[in-house]
Every structure is written in structure tokens, then in C-alpha cells.
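Novice: Per my numbering, the very first residue in the sequence shown carries number 542; after that it's consecutive. Beta carbons are placed, not taken as given, at the ideal position from N, Cα and C, and that holds for glycine.
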Amino acid sequence: AKMVGYNNLSHFSKIFRTKFNVLPTQLKKDIKFYYSD
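1. In whole angstroms, what is the alpha-carbon distance linking N549 and F561?
2. Under 8 Å, do F557 and L564 count as touching if we go by C-beta distance?
3. Using a Cβ-Cβ cut-off of 7 Å (strictly less than) and excluding sequence neighbours within five positions of S554, which residues of its own chain qualify?
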């Protein structure tokens, strides 16, 4: 979140979910699962 200018992680997560319809943490888990062996 800080890398893209958000100091408040909760606010970033809410905006991210509104835009992409997935929470950042869930997206990270999904990407790890997709690229795992």
C-alpha cells in the first residue's frame, strides 16, 4: 500500500476491493497458488 501512496492499509484494501472485486491478501494467495508446483 505504501508503495502506491497509501499510508492506511485498511483504506487501501477497501479501495482495492472496490476496484478489483478481491482483497489484496486474497489475490496474493491466489497468485501463489497458481504459480506453485
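Specialist: Taking the definition as stated:
1. Within the sequence shown, residue 549 is the residue found at index 8, counting from 1. Within the sequence shown, residue 561 is the residue found at index 20, counting from 1. The C-alpha of F561 is placed about 18 Å away from the C-alpha of N549.
2. Against the sequence shown, residue 557 aligns to sequence position 16. Against the sequence shown, residue 564 aligns to sequence position 23. Cβ distance < 8 Å, so F557 and L564 count as in contact.
3. Counting from one through the sequence shown, the residue named residue 554 turns up at place 13. For S554, where only same-chain residues beyond five positions count, the Cβ hits under 7 Å are L564, P565.
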